[in-house]
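The block underneath contains the structure these notes are about, expressed in structure tokens.
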Amino acid sequence: MLVDRYGLPLTTSVPEARDAYVTGIDHILAATFGASDAFAASVEADPGFALGFVGLARARMYDTDIPGAQRAMATARACATQLTEREAAHLAVFELLFQGRNSEARRAVQDHVADYPRDVLVAQICTNIFGLIGMSGEPGRESLQLAFTTQLIEALGEDWWIMSVHGQALCEVGQLDEAMSMMERSLALNNVNANASHFKAHTLYEQGAGEVGRAYLADWIANYDERSVLHGHLSWHRALWALEQEDEAELWKIYSSSIAPAASHSLPVNVLTDAAALLYRAEIAGLNVAPELWSDLSAYASRYFPNPGMSFADIHSALAHAMAGDGERLAVLAETQSGFAGDLVRPVARAWGAIARQDWTVALHDLTPVMADHARLGGSRAQRDLLELTYLNLLLKSGHADEAHRAILSRRPIFSHAAPVAGFG
Ligand SMILES: [Fe+2]
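Just so you know, we're using our numbering here: the sequence shown kicks off at 628 and counts up by one.
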């Protein structure tokens, strides 16, 4: 029996199918372009290879080709006749994921990983910022994420992928030295892994090392295919540093070439959240944002997130609708009962509405209680700095300058000397 790169047996006897399968998994683990083609080559070499079709479905999910993913899963089911116990359980986990049964899928991943920690395509479902733990809406989810990756790294050891996602989890709970060490070791083993360069950039951001981070990412991204899943988001990180370093020309150049809905190849959740956060962070830094950028983004949000449910996306849709003046769509989000953190989406959406009316006092009233635990909304700390900087701006606009300084010092000390907010001195 052939085995994958982690030594797990595969029900295929065709070496070309195995080799292409391994390549496909590596593309998913490294967030590099080419996973769909690799899995397609795998199942072309062995049309009876069930796990090859599961991999193809996962890759198509990243391509946002949901009908294609469903077709691949149907074929996987049809040829799943003589699978090992591990392969059958692997397929069952992806069935739950593709049916949108996220709580059950998360439990199934955790059970599966307890038995097969080296089954990385399954483990990966619960590792990233937008994974099933990250988007659970649970209090303490960042610690749960770290517990999950700790369990995996104990089993996998010096593996470039697990080190990169364990480093993410360490970074997000504030263990920055450990995170950086993990990223450097991961990148030394595989420098093309975007999950490692991404969180090396996050760690530099959390350390307040913006100039180092900006230079690092500019260099790293030069060899990263722009069709890759993290290209738009890494561009967002670069643009944020350009904003902080008052390089407005570069900010807009990156926005229009790599972040804006018309340009980005990213997943819709990244396109929406990165674009909305960047535009608003530019506004509160004192830049002029062209109104059509907001209306384009509001239209994009309506198309890709027509119904509330994914709370992290929902707060960004609400921002785009508010700034574009679409009160009707904003009202839907301000009243939503859906989503893993819908209770937080409602006040954030109301706050954006008040901000669009320049009613700073009402906005501050709505946003303040959200600040107690906005991690439940999902996203990284750097992404949720949208809320931190908005809160700071509202305190300033409402005439509470002393409180603004105390708040940023206690909540986000990296911004205490130089927050990119107009009027914060
Ligand atoms: Fe990021």
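The beta-carbon is built from N, C-alpha and C at its ideal position, and this holds for glycine as well.
- Query: If you measure from the CB of Ala890, is any heavy atom of ligand 1 nearer than 7 Å?
  - Reply: Result no, Cβ not under 7 Å from ligand 1.
- Query: Since Ile1087 and Ala866 are thought to touch, with beta carbons under 8 Å apart, how far apart are those beta carbons, to the nearest angstrom?
  - Reply: Residue 1087 cannot be examined here, being either before or after the span of the chain that is shown, 628 to 1052.
- Query: Residues in its own chain within less than 8 Å of Ala715 by CB, not counting five upstream and five downstream?
  - Reply: Sequence-distant Cβ neighbours of Ala715 in its own chain, meaning closer than 8 Å and more than five residues away, are Ala707.
- Query: Roughly how many angstroms lie between the CA atoms of Phe721 and Leu1022, to the nearest whole one?
  - Reply: Between Phe721 and Leu1022, the C-alpha separation is close to 46 Å.
- Query: Going straight from the alpha carbon of Leu971 to that of Ala951, what length do you get?
  - Reply: Going from the Cα of Leu971 to the Cα of Ala951 covers about 21 Å.
- Query: Beta carbon of Ala902: closer than 7 Å to some heavy atom of ligand 1?
  - Reply: Every heavy atom of ligand 1 is 7 Å or more from the Cβ of Ala902, so no.
- Answer yes or no: the CB of Ala715 versus the heavy atoms of ligand 1, is any distance below 7 Å? Distances taken from the Cβ of Ala715 to the heavy atoms of ligand 1 include none shorter than 7 Å.
- Message: Which residues end up in the neighbourhood of ligand 1 when you take C-beta atoms closer than 6 Å to any of its heavy atoms?
- Response: The filter returns His825, His829, His860, His864, Ser1007, Ala1009, in chain order.
- Query: So what's Leu797 in DSSP terms, helix, strand or just coil?
  - Reply: Secondary structure at Leu797: helix, using DSSP grouped into helix, strand and coil.
- Item | Integer Cβ distance of Tyr1056 from Leu946, believed to fall under 8 Å | What is shown of the chain runs 628 to 1052, which leaves residue 1056 out entirely.
- Message: To test your reading of the DSSP string, which unbroken alpha helix (DSSP H) runs of 4 or more residues are found completely within the region 925-962?
- Response: Complete alpha helix (DSSP H) runs here, min 4: 938-951, 954-961.
- In chain order, what residues of the same chain lie with their CB nearer than 6 Å to the CB of Val1048, ignoring the 5 residues before and after it? Closer than 6 Å at the Cβ level, and outside the excluded window around Val1048, lie Ile911, Leu1016, Leu1019, Asn1020.
- Task: Assign Ile693 to one of two classes, buried (16 or more other C-beta atoms within 10 Å of its C-beta) or exposed (fewer than that).
- Result: Exposed, because fewer than 16 other Cβ atoms sit within 10 Å of the Cβ of Ile693.
- Roughly how many angstroms lie between the CA atoms of Ile760 and Ser1007, to the nearest whole one? Annotation: Ile760 to Ser1007 spans about 12 Å, alpha carbon to alpha carbon.
- C-alpha distance - Arg704 paired with Thr691, whole-angstrom precision: Near 21 Å, if we compare the C-alpha coordinates of Thr691 and Arg704.
- Message: Quick check: what's the CA-CA separation for Arg687 versus His1032?
- Response: Rounded to the nearest angstrom, the two C-alpha atoms are 46 Å apart.
- Task: Would you mind stating whether Ala821 and Thr650 have Cβ atoms separated by less than 8 Å?
- Result: Not a contact, by the Cβ cut-off of 8 Å.
- Task: Compute the distance between the beta-carbons of Val630 and Ala672, then report whether it is under 8 Å.
- Result: Their beta carbons are not under 8 Å apart, which means Val630 does not touch Ala672 by this criterion.
- Contact check, Ala806 vs Phe826 under 8 Å by CB: the rounded distance? Sure, about 7 Å apart at Cβ, within 8 Å.
- Query: In the structure shown, what three-state DSSP assignment does Val649 receive?
  - Reply: In the structure shown, Val649 sits in a helix (DSSP, three-state: H, G or I).
- Query: When the distance is taken between beta carbons, is Pro974 closer than 8 Å to Asp993?
  - Reply: Cβ atoms of Asp993 and Pro974: closer than 8 Å.
- Message: Looking at Leu1014: is its Cβ nearer than 8 Å to the Cβ of Val997?
- Response: Yes. Within cutoff.
- Task: Could you pull out every unbroken alpha helix (DSSP H) segment of at least 4 residues lying fully inside the region 986-1016, listed in chain order?
- Result: You should have 987-994.
- Query: Per DSSP, Ser636 is paired with what?
  - Reply: Reading off the sequence, residue 636 comes out as Pro, not Ser. Beta-bridge pairing links Pro636 to Val630.
- Item | C-alpha distance - Cys753 paired with Ala774, whole-angstrom precision | Rounded to whole angstroms, Cys753 to Ala774 spans 11 Å at the Cα level.
- Query: Run through DSSP, which three-state label would Met807 get?
  - Reply: Reduced to three states, the DSSP call for Met807 is helix.
- Message: Measuring straight from C-alpha to C-alpha, what distance separates Ala958 and Val896?
- Response: Using only the alpha carbons, I get a separation of about 21 Å.
- Query: Taking just the CA atoms, how far does Tyr843 sit from Met809?
  - Reply: Cα to Cα, the separation comes out at about 17 Å.
- Item | For Gly835, the nearest candidate out of Gly1052, Ala1045, Ala796 (CA to CA) | Selected option, being the one with the closest Cα: Ala1045.
- Task: Look at the alpha carbon of Pro638 and the alpha carbon of Phe676, and state the distance between them as a whole number of angstroms.
- Result: In the sequence on display, residue 638 carries Thr and not Pro. Just so you know, the alpha carbons of Thr638 and Phe676 end up roughly 7 Å apart.
- Task: With Glu671 as the anchor, note down where its alpha helix (DSSP H) starts and where it stops.
- Result: Taken as a continuous stretch (DSSP letters only), the alpha helix (DSSP H) holding Glu671 covers 662-672.
- Query: Which same chain residues, not among the five before or five after His654, have their C-beta less than 8 Å away from its C-beta?
  - Reply: Hits under 8 Å: Phe660, Gly661, Ala662, Ala665, Ala686.
- Message: Assuming Arg769 is part of the alpha helix (DSSP H), what are its boundary residues?
- Response: The sequence shown places Glu at residue 769, rather than the Arg named in the question. 768-783 is the span of the alpha helix (DSSP H), which, as asked, contains Glu769.
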